[in-house]
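A.B. asks: Numbering (numbering that gives the first Met the number 0), first residue to last: 0 to 1042.
C-beta atoms are modelled at their ideal positions from N, C-alpha and C, and glycine is treated no differently.
Could you have a look at this structure, given as structure tokens, before my questions?
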Amino acid sequence: MRTFAQIIAAREWENQHVVQHNVVPAHAPLHAFHSEESALHFYRLEDESASSNQTRLNGQWQFKLFDKPENVPADSVDKSFDDSTWNAITVPSNWQLQGFDKPIYTNVKYPFPDTPPTVPSENPTGVYRTAFQVTEQALNDKRTSITFDGVNSAFHLWCNGQWVGYSQDSRLPAEFDLTHYLVAGENQLTAMVLRWSDGSYLEDQDMWWLSGIFRDVILTRKPAIHIRDVEVNTHLDASYRDATLTVTTTLSLKNLPYRVRVRLYDAQSQLVAEQETQPGIQFVDEKGPWCDKTHHELNIAEPSRWSSESPYLYRVVVSLINDVGELVDCEAYSVGFRNVEISDGQLKVNGQPLLIRGVNRHEHHPELGHVMTREDMIRDIKLLKQHNFNAVRTAHYPNHPTWYQLCDEYGLYLVDEANIETHGQFPMCRLSDDAEWLNSYMRRMTRLVERDKNHPSIIIWSLGNESGIGANHHAMYQWVKQRDPSRPVQYEGGGALTAATDIICPMYARVDWDLGVVAHQPEVTPRVGIRKSIALPNEQRPLILCEYAHAMGNSLGSFTDYWRAFRDNPRLQGGFIWDWVDQGLTKQSDSGENYWAYGGDFGDEINDRQFCINGLIFPDRTVHPTIFEVKKAQQFYQFELVSQAPLTLKITSEHLFESNQIEILKWTITEDGQPIETGDIELLIKPQQSVELMVENTQKFEKSGRDYHLNIEVQLATDTSWADAGHSTAMEQFELESVPELVLPESPSLWQANVNDSHASLMVSGDDFQIDFDKSLGTLSSWKVYGVEKLKQPLFDNFYRAPLDNDIGTSEADKLDPHSWFARWQGIGLSKLERESIDFQWQVNSIGVDVMTRTAYLHEGRVLLTSKWHYHINSEGEVSIDVDVELAKGLPSLPRIGMELVLNPMTDDHASFVQWTGRGPHENYPDRKQSAHLGQYHSSLRGLHTDYIFPTDNGLRCDVSRATIGDLTVLGKVHFSASEYSQHTLAQAKHTHELIKDGAIYVRIDGFHMGVGGDDSWTPSVHDAYLLNAQRYRYELSLKFEV
């Protein structure tokens, strides 16, 4: 037995050749059921306690953190060691979130010197201790193993003071045989977990560096003669009708008269087929039979097939029977009959080409870190299905075993990814091309396949992420292709076009834009547009983006461009958005306010700030407005307006397979955003078919000058496992032709205005209002209604927005991009332009007062913008404004061209209610508004605000023709937002708790607004159509405070 001193001296956590000691070979998850009934009960009721032969050791353990392994007392592993003064810690957990050590976030760089395989001598080391009971009966003719489903990053294990073994690879199970270490009565376990190991060099994923025992710890008791592994394969015939089920079972016995029985049950637990055989019969080579394996092959006529749309599951129960007919051991697995193949340049399931509606998903919880409960996983899956996702990439590591069971059950396609990323290496392939590291690479890949091989949800294996390309990858690829020819393999490294991938799987490639070598960003990898990639000579593989549409904060502009390309090109088969959830961790401010923290907030000096905040949902699983654009683009129905008289729709289903999902089509006709007629139709449409439906409306669109729209929504008619009846699955809006407005000559009310002109100001007043202009500023400076001041500050042009993550444009905190939009705006002083009034004129006529102003905006003496305002004030106190802005040549695209009204506080009743006619109900921007239909909406002022973890401009509503906030009414064709925060406050705050209200209400009215971009977040990604690069812009609107 190795002594503690020998283990410390060996420093195997700094030796890439030593990745384990005494770890049981990888296999499919085992549950050691005591009967077939308990096995079926486990799957039928999702009851983890169905196996009486498994015990979870989750709960409170004793714990102490040392600053390095050398400082751990040697006797702390002894059974008799007194740990009563130690702290209690929850298992599973990350110790950094239990009050020990600090979380560290980096995207690329390692948080320690890059000198593989060595790690820092200051290597936080947590020692865990717990005790458990073993009965005398359990020791008799039983094998007991312990499985740690996830430990970061490496650990040594002792049982009753005896060293058991060592393991690294934080995301796959480490199983040890404890049989010979156990005693009847109390047994004591000690795990010494190291924060850093040579394995850390392979785990440089874009996420928090967290440590500890963060997944389940399970004791499993099996008989001495038992089932060691089960492999399940299904194969459909050429017509995808009949199937063959093959089951290969590995046993611990040799040359004993035992038999293995395989039974297949349907979803109602009815027996479908069974077969019984002896070990060693079918497995024969020139040396003879494999005496520890059985092979079963069952022909199944017309099974229900598995897909993400119709995830029908059978259960296969494998029983080991002894020579007197008694059941000795039993295992069971879900079975989904499906084929995965690449043919005709397309990835197919059951013969049908897929369109991957995917997302990259980290295992992240705001309080628990990398710990995910079953309930957390189900909540994620339901949200994914509700927003039209059908696929997940397990970015960038094997997930908790329960995740795969749930994806089998609910229906999600998975790319199962090896726990390998060396993004911080230079070059990235440094370790990938080093034979000294081959064993580490291969072990991570082979064990992944062996653990997860039975899951129908897994349709693709992935060799890892961002590790360049090297000989180690090619070795992994060849092994997987031989071990499991039933699934394709993908890997992006090396440009996504190497021989180590069956699928072209680039990240952040544009649709038609080649991203070349950028002089100011040499670290940005050149990328070919996706249309061009599939047209390269001799290239026949499908293309599925492994990462695209970087959803960082207020992002996802031009997302629909990708989906037009996917639908137009059969070999462009979708992709995986980056990413699912903001990786914010709950932290408390000095004032006691909770907020979500990111890199640097825990004193981690090496960090990449908020680059972990790039999800479609917040850490608590509330959604970003961006997810609605995704849901719309990914919906499974496409609509076309065939004719308006009669009102006829063509509906095309993108579903590939029949399912039990029953849906209805609801239609609504609106007039100026108000519903005037509704109806519903049962949606009877076959997969991949189109139908025409007539809308039996009675309304005629005869009122002149009115806007008419047909709104379509597909809803679930009945409950499903992932959503309730009434849930919306697809939507569309069509503008209907109407009678043009008959414009008659205006007969404006005659009005003898009250005007008071002085040297400094101009005052215009009526019966109940008074409007003042400051001549020196050249702007409307005061607006009173019945003597009450409405404005907190004068009315000014607004050209600035609190920078979005995409505007700032960097993926690493210490590599600020001088060519980002933010840097360019700083270069022209956009947030603090000097304002100079050039001209102020006014005149009175019979219908009101006209005021004309001209203002220059300067930076360092240069005029950058000239803004002309023409106000007209009528007898009702309505102010019409015509704004004409001229830009100097050579300016970068401005974020907005508009104005800002800063209103004094209103009463709660007024301030809490905003109404608008335009796009909604959720936040939308010019390049992200397809999911925001035109209509009439209302919200509280607070409800307009999107609380992005890193505060930025937010809350815009586009194409607004009318808006009211309190007693202010805005009319025009504008983009509108209202907020309790100034742009300065939003720009200066780094976290939500730093947003301070000053009592004012900021109403921003934009004639034009630049897009948000989102193809990525580190290069300027706003498409040309959404840039403000013209030399002149003009817009009109009117303002009125209701009396």
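(1) Going residue by residue through the stretch 33 to 97, where are the continuous beta strand (DSSP E) segments of at least 3 residues, counting only ones entirely within it?
(2) Compute the Euclidean distance between the alpha carbons of S238 and T497, then round it to the nearest angstrom.
(3) Go through its chain and collect everything with a Cβ distance to H225's Cβ below 6 angstroms, but skip five positions before and after it.
(4) By the DSSP assignment, the alpha helix (DSSP H) with W289 in it spans what residues?
(5) Considering just the uninterrupted stretch of the beta strand (DSSP E) at I226, what are its terminal residues?
(6) Alpha carbon to alpha carbon, how far is A548 from Q660?
(7) Where R800 and M441 are concerned, what is the direct C-alpha to C-alpha distance, given to the nearest angstrom?
(8) Going by the CB atoms, is the gap between F772 and L761 shorter than 9 angstroms?
(9) Which same chain residues end up closer than 6 angstroms to C504 when comparing Cβ atoms and leaving out the 5 residues on each side of it in sequence?
(10) Given a cut-off of 9 angstroms on the beta-carbon distance, is the pair L263 and V216 in contact?
(11) Taking all protein chains shown into account, decide if E1041 is buried (16 or more other Cβ within 10 angstroms of its Cβ) or exposed.
(12) Have a look at D322 and R443 and give me their C-alpha separation to the nearest angstrom.
(13) Ends of the alpha helix (DSSP H) at N471?
(14) Considering only the alpha carbon of each residue, which of G552, S775 and H983 lies closest to D838?
(15) Which partner residues of Q976 appear in the DSSP bridge assignment?
(16) For F425, which of helix, strand or coil comes out of DSSP?
(17) Does the structure place the stretch 586 to 598 close enough to the stretch 985 to 994 that three or more beta carbon pairs sit under 8 angstroms?
(18) Going straight from the alpha carbon of V259 to that of P455, what length do you get?
(19) State whether the stretch 191 to 208 contacts the stretch 12 to 30, with contact taken as three or more CB pairs (one from each stretch) at a distance under 8 angstroms.
(20) Would you mind reading off the limits of the beta strand (DSSP E) that contains R439?
(21) Please state the DSSP three-state secondary structure of A508.
(22) From E979 to I605, what distance separates their C-alpha atoms?
(23) For A474, which of P397, S439 and K452 has the nearest alpha-carbon?
(24) Does the stretch 617 to 626 come close enough to the stretch 375 to 387 to have 3 or more Cβ pairs within less than 8 angstroms?
(25) V516 by DSSP, collapsed to three states: which one?
(26) Pull up the distance between the alpha-carbon of H30 and that of T219, whole angstroms please.
(27) For V1109 versus G1006, is the C-beta spacing smaller than 9 angstroms?
(28) Taking only three categories from DSSP, how would you classify F131?
(29) Mind pulling the beta strand (DSSP E) runs of 3 or more residues that sit fully within the stretch 119 to 192?
(30) Mapping the DSSP letters down to three states, classify L405 as helix, strand or coil.
(31) Considering only residues of the stretch 349 to 420, which uninterrupted beta strand (DSSP E) runs meet the minimum length of 3 residues and lie entirely inside it, listed in chain order?
(32) Could you name the residues of the same chain whose beta carbon sits closer than 7 angstroms to that of M371, not counting the 5 residues immediately before and after it, in chain order?
(33) Smallest Cα separation from L270: which of T276, V261 and Q539?
(34) Taking 8 angstroms as the threshold, find out whether the stretch 647 to 659 comes into contact with the stretch 673 to 687 through three or more Cβ pairs.
(35) With respect to the alpha helix (DSSP H) encompassing N805, which residues constitute its N-terminal and C-terminal limits?
(36) Measuring straight from C-alpha to C-alpha, what distance separates V763 and I770?
C.D. replies: So, from the data block:
(1) DSSP runs (the beta strand (DSSP E)) wholly in the stretch 33 to 97: 53 to 55, 58 to 65 and 86 to 90.
(2) 33 angstroms
(3) Cβ neighbours of H225 within its own chain (closer than 6 angstroms, five residues either side excluded): S251 and D328.
(4) That residue, W289, is in no alpha helix (DSSP H); it is neither H nor E in DSSP.
(5) I226 to L235
(6) 29 angstroms
(7) 49 angstroms
(8) yes
(9) Q489, E491, A495, I543 and C545
(10) For L263 and V216, no; Cβs fall outside 9 angstroms.
(11) E1041 is exposed by the Cβ-count criterion.
(12) One C-alpha to the other measures close to 39 angstroms.
(13) A470 to R482
(14) For D838, the nearest C-alpha among the options comes from S775.
(15) A quick correction: the sequence has Ser, not Gln, at residue 976. Partner(s): R1003.
(16) coil
(17) In short, these stretches touch, since the Cβ pair count reaches three.
(18) 23 angstroms
(19) Contact between the stretch 191 to 208 and the stretch 12 to 30 is present, because at least three Cβ pairs lie under 8 angstroms.
(20) Per the sequence presented here, residue 439 reads as Ser, with Arg not at that position. S439 -> not in any beta strand (DSSP E); alpha helix (DSSP H) instead, spanning L437 to D451.
(21) coil
(22) 34 angstroms
(23) S439
(24) Output reads yes: the stretch 375 to 387 touches the stretch 617 to 626.
(25) Because V516 sits at a pLDDT of 44, beneath the cut-off of 50, its placement in the model cannot be relied upon, and the following sentence gives the value as read from the coordinates. Here V516 sits in coil by DSSP.
(26) 7 angstroms
(27) With the chain covering only 0 through 1042, there is no way to say anything about residue 1109.
(28) Strand.
(29) 124 to 133, 141 to 147, 153 to 158, 161 to 167 and 173 to 176
(30) helix
(31) 355 to 359, 390 to 392 and 412 to 416
(32) These residues qualify, in order along the chain: E362, H364 and H399.
(33) V261
(34) yes
(35) From DSSP, the alpha helix (DSSP H) with N805 extends over D804 to I807.
(36) 5 angstroms
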